[in-house]
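S.K.:
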Amino acid sequence: MASVILLAIESSCDETSASVIQDGQILSNIIYTQTIHEKYGGVVPESASRLHIRHILPVVHEAFLQSGITKEQLSAIAYTQSPGLIGSLLVGASFAKGMAQALDIPLIAVNHMQAHVLSNLIDSPRPNFPFLCLTVSGGHTQIVQCNAPLDMHILGESIDDAAGEAFDKAAKMLGLPYPGGPLIDKHAKNGNPLAYKFAEPLVADLNYSFSGLKTSILYFLQKEKAKDETFIEKNLADLCASIQYTIIKILMKKLMLASKQTGIKDICIAGGVSANSGLREAIQSHAARYRWNYFIPKFEYCTDNAAMIAITAYYKYLQGEFSEIADGASARSTF
Amino acid sequence: MSYILYIDTSGTDSLLFLSQDEKIIATKTSALQTNHSHLIHIHLNELLLEAGIKWNQIHAIAIQNGPGSYTGLRISLSAAKGICYVHSIPLFLFNYFEIIHYCIPNKNRPIGILLFARENEFFFSAYHPQEGIIQDPSLILISDLDSFIEEKKLELVTVDAKLNAYFPKIELIELTPAKIAAYIFTKISSKKEADLFYSEPFYLKNVYINK
Numbered sequence: 001m002a003s004v005i006l007l008a009i010e011s012s013c014d015e016t017s018a019s020v021i022q023d024g025q026i027l028s029n030i031i032y033t034q035t036i037h038e039k040y041g042g043v044v045p046e047s048a049s050r051l052h053i054r055h056i057l058p059v060v061h062e063a064f065l066q067s068g069i070t071k072e073q074l075s076a077i078a079y080t081q082s083p084g085l086i087g088s089l090l091v092g093a094s095f096a097k098g099m100a101q102a103l104d105i106p107l108i109a110v111n112h113m114q115a116h117v118l119s120n121l122i123d124s125p126r127p128n129f130p131f132l133c134l135t136v137s138g139g140h141t142q143i144v145q146c147n148a149p150l151d152m153h154i155l156g157e158s159i160d161d162a163a164g165e166a167f168d169k170a171a172k173m174l175g176l177p178y179p180g181g182p183l184i185d186k187h188a189k190n191g192n193p194l195a196y197k198f199a200e201p202l203v204a205d206l207n208y209s210f211s212g213l214k215t216s217i218l219y220f221l222q223k224e225k226a227k228d229e230t231f232i233e234k235n236l237a238d239l240c241a242s243i244q245y246t247i248i249k250i251l252m253k254k255l256m257l258a259s260k261q262t263g264i265k266d267i268c269i270a271g272g273v274s275a276n277s278g279l280r281e282a283i284q285s286h287a288a289r290y291r292w293n294y295f296i297p298k299f300e301y302c303t304d305n306a307a308m309i310a311i312t313a314y315y316k317y318l319q320g321e322f323s324e325i326a327d328g329a330s331a332r333s334t335f
Numbered sequence: 336m337s338y339i340l341y342i343d344t345s346g347t348d349s350l351l352f353l354s355q356d357e358k359i360i361a362t363k364t365s366a367l368q369t370n371h372s373h374l375i376h377i378h379l380n381e382l383l384l385e386a387g388i389k390w391n392q393i394h395a396i397a398i399q400n401g402p403g404s405y406t407g408l409r410i411s412l413s414a415a416k417g418i419c420y421v422h423s424i425p426l427f428l429f430n431y432f433e434i435i436h437y438c439i440p441n442k443n444r445p446i447g448i449l450l451f452a453r454e455n456e457f458f459f460s461a462y463h464p465q466e467g468i469i470q471d472p473s474l475i476l477i478s479d480l481d482s483f484i485e486e487k488k489l490e491l492v493t494v495d496a497k498l499n500a501y502f503p504k505i506e507l508i509e510l511t512p513a514k515i516a517a518y519i520f521t522k523i524s525s526k527k528e529a530d531l532f533y534s535e536p537f538y539l540k541n542v543y544i545n546k
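Protein chains in written order, with this note's numbering: chain S, 1 to 335; chain C, 336 to 546.
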């Protein structure tokens, strides 16, 4: 049987990425991260689109060079169809469609959130099916039950802000630059996680909410700063440790409940926040206590990347799940 | 003889055509801006089918690269980059003003070309019959335009009927695919090929952000 060789393109937010995969093995995963947004405290959609069109071809070309694969060897081209910033998605989708029609090969449209879950299938050891995946990023927080590569459903998700958004917005309140999540993680290592107590949500089922926590942090800081203007400066490590501890406690509580309700003990994490050292430690300690088999992707597969689009596209290719050239990108969608 | 593919998704109406030298052999249009990203690829396939040629027979792709809808401009340029990359086809970028100027019937007079940007903001360029371009394409406020028009004695021209509401005397001209094809063919031999890897739309407007 001939090799299945795919090019995958990811452009849903502020990373332009391309990956080449051969028979399920990632050969390259090039990521260009847009840093311009740091000075604005969040992603500026129009700037993101402009940078995608500037960098998409150099990134794709580098992915081919690193893989040793030529364009003519491709079996199909995959792209992130949804969800994401529509202007950014359209650049990747239009480029992928142009290449696919010029090569006369099929297109594969991939859901970004499904791809985050399947990033756990890129490297060994891989989880057994069914497994649970906690996907945590700046835009999404979901607990997903995955029964097979293309058979998954959402058990619970955030009804308002995402966990990553809570990290970044809390960091902004503390005066830390964007993206603040990694800086909270860094300062938390030197602080006391039980120094301050913040509100925890009471949300039904396996859903999450982080907007109340955000408000709780805001009011607490306003109150303390009124008494002492240098409160944050003096207590930054304890504040970071307490905020991180609370967010992770909220995340783990529902993940434990999901495992208990489903009886599934193969547990994965995915998404940008899975790079957080506190979350990784929490997964490890819970795994030891509850006899979970836990799986965490390599760092380059945690943040937005095309390798996760490529692995998802590989399974779609095997199932013959191709998309039409007229299929459009979409800002919102579920799987 | 060479095949040239032209793509314009910069506005509400899209225009795609395939020409053999300056002669158009197939045309596709659409009047629904929200469908440009879907239709452009269908139309590209139909153009080639109608002309009975394959991608590797295309000699050049020409894009109307702005100013216009930012998303529309990126749709055509992204698609063109993908196609050109596969078959090493040269890409040529044309700004809207140069195409419009070529299509103006009587050019023996100072001309100001105006395009709508948003309320009270216009994209503007000016030409003199002897001096050539006297105002490079730029974004201009309606309040800054009057003195320039008077000083240079410009006659205003546009392709957008909306501008009648702002400038009652403005001359509305029609761009036909045949005229555009003639211009592209005339210019393509002397025009510099675009940098396929890093080329961007001719936005003519920066992103302004309030922190």
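C-beta: ideal position from N, C-alpha, C; glycine also. Every value quoted in this text rests on a predicted model; they were computed, and no experiment measured them.
Please name the residues in the segment 430–450 of chain C whose beta-carbon is closer than 7 Å to at least one beta-carbon of chain S, in chain order.
M.R.: none
S.K.: Just to confirm the assignment: which complete beta strand (DSSP E) runs, minimum length 3, are found wholly within the segment 422–482 of chain C?
M.R.: Counting whole runs of 3 or more residues, the segment 422–482 of chain C contains the beta strand (DSSP E) stretches 426–429, 446–453, 456–463, 467–476.
S.K.: Quick check on S:Met1: buried or exposed, where buried means 16 or more other Cβ atoms within 10 Å of its Cβ?
M.R.: exposed
S.K.: Measuring only the C-alpha atoms, how far is C:Val421 from S:Arg280?
M.R.: 42 Å
S.K.: If you measure beta-carbon to beta-carbon, which residues of the segment 406–425 of chain C are closer than 7 Å to chain S?
M.R.: Taking 7 Å as the Cβ-Cβ cut-off against chain S, the residues of the segment 406–425 of chain C that qualify are Thr406, Arg409, Ile410, Leu412, Ser413, Ala414, Ala415, Lys416, Gly417, Ile418, Tyr420, Val421, His422.
S.K.: Could you pull out every residue in the same chain whose Cβ sits closer than 8 Å to the Cβ of S:Ile184, ignoring the five residues on either side in sequence?
M.R.: Phe167, Ala170, Ala171, Leu174, Leu176, Cys240, Ile243, Gln244
S.K.: Anyone know if the C-beta pair for S:Ser119 and S:Tyr317 falls short of 8 Å?
M.R.: The answer is no: Cβ separation not under 8 Å.
S.K.: Apply the 10 Å Cβ neighbour rule to C:Ile468 and answer buried if 16 or more other Cβ atoms are within range, or exposed otherwise.
M.R.: Exposed is the call here.
S.K.: Among the candidates C:His378, C:His371, C:Asp356, C:Ser411, whose CA atom is the shortest distance from the CA of C:Thr362?
M.R.: C:His378
S.K.: Taking only beta-carbon atoms, is C:Val492 less than 8 Å away from chain S?
M.R.: no
S.K.: Name, going along the chain, the residues of the segment 85–119 of chain S whose beta-carbon falls closer than 9 Å to a beta-carbon of chain C.
M.R.: Ile86, Gly87, Leu90, Val91, Gly92, Ala93, Ser94, Phe95, Ala96, Lys97, Gly98, Met99, Ala100, Gln101, Ala102, Leu103, Asp104
S.K.: If we define contact as Cβ-Cβ less than 8 Å, is S:Lys71 a contact residue for chain C?
M.R.: yes
S.K.: In terms of alpha-carbon separation, which member of C:Ile477, C:Tyr341, C:Tyr533, C:Pro512 lies closest to C:Leu498?
M.R.: C:Ile477
S.K.: Going by C-alpha to C-alpha distance, which of C:Phe459, C:Glu509, C:Leu428, C:Val494 sits closest to C:Asp479?
M.R.: Nearest of C:Phe459, C:Glu509, C:Leu428, C:Val494 to C:Asp479, Cα basis: C:Phe459.
S.K.: What are the start and end residues of each continuous beta strand (DSSP E) run of 3 or more residues lying completely inside the segment 223–309 of chain S, in chain order?
M.R.: 266–270, 293–295
S.K.: What are the residues of the segment 49–65 of chain S that lie near chain C, defined by any Cβ-Cβ distance shorter than 9 Å?
M.R.: Ser49, Arg50, His52, Ile53, Arg54, His55, Ile56, Leu57, Pro58, Val60, His61
S.K.: Per DSSP, what are the beta-bridge partners of S:Met1 in this structure?
M.R.: According to DSSP, S:Met1 bridges with nothing at all.
S.K.: If you measure from the beta carbon of C:Leu379 to each beta carbon in chain S, is any gap under 8 Å?
M.R.: yes
S.K.: Note down, in chain order, all residues in the segment 25–43 of chain S with a beta-carbon under 9 Å from any beta-carbon belonging to chain C.
M.R.: Lys39, Tyr40, Gly41
S.K.: Could you name the residues of chain S that C:Ile544 contacts, counting a contact when the two beta carbons are closer than 7 Å?
M.R.: Tyr40, Val44
S.K.: In the DSSP output, what is S:Met152 paired with across the bridge?
M.R.: S:Cys146
S.K.: In chain C, which residues lie less than 8 Å from S:Ala329 when you measure between Cβ atoms?
M.R.: Ser372
S.K.: Does DSSP classify S:Cys13 as helix, strand or coil?
M.R.: Residue state for S:Cys13 is assigned as coil, using DSSP reduced to three classes.
S.K.: Spell out the partners DSSP gives C:Lys358 in its beta bridges.
M.R.: C:Gln355
S.K.: Count the other CB atoms within 10 Å of the CB of C:Ala516; is the residue buried (16 or more) or exposed (fewer)?
M.R.: buried
S.K.: Which residues in chain S have a C-beta closer than 9 Å to the C-beta of C:Glu535? List them in chain order.
M.R.: Correct list: Arg50, Ile53, Arg54.
S.K.: Consider the Cβ of C:Ile463: report whether some Cβ of chain S lies at a distance smaller than 8 Å.
M.R.: The sequence given here places His at residue 463 of chain C; Ile does not occur at that position. So, not an interface residue.
S.K.: 8 Å is my cut-off, CB to CB: does S:Ala170 come that close to chain C?
M.R.: no
S.K.: List the endpoints of the continuous beta strand (DSSP E) containing S:Phe64.
M.R.: No beta strand (DSSP E) holds S:Phe64; the alpha helix (DSSP H) holding it covers 45–67.
S.K.: So which of C:Phe432, C:Tyr462, C:Arg444, C:Glu381 has the shortest CA-CA distance to C:Phe451?
M.R.: C:Phe432
S.K.: If you draw a straight line from the alpha carbon of C:Lys527 to that of S:Phe64, how long is it in whole angstroms?
M.R.: 27 Å
S.K.: Using beta-carbon positions only, say whether S:Gln81 and S:Ile325 come within less than 8 Å of one another.
M.R.: Judged by beta-carbon spacing, S:Ile325 lies beyond the 8 Å limit of S:Gln81, meaning their Cβ atoms are not closer than that value.
S.K.: Would you mind reading off the limits of the beta strand (DSSP E) that contains C:Tyr341?
M.R.: 338–343
S.K.: Examine chain S for any beta-carbon lying closer than 8 Å to the beta-carbon of C:Phe532, and answer yes or no.
M.R.: yes
S.K.: DSSP state of S:Asn29, grouped into three classes?
M.R.: strand
S.K.: Run the CB neighbour count on C:Leu367, radius 10 Å, all protein chains shown included, and call it buried at 16 or more, exposed below.
M.R.: exposed
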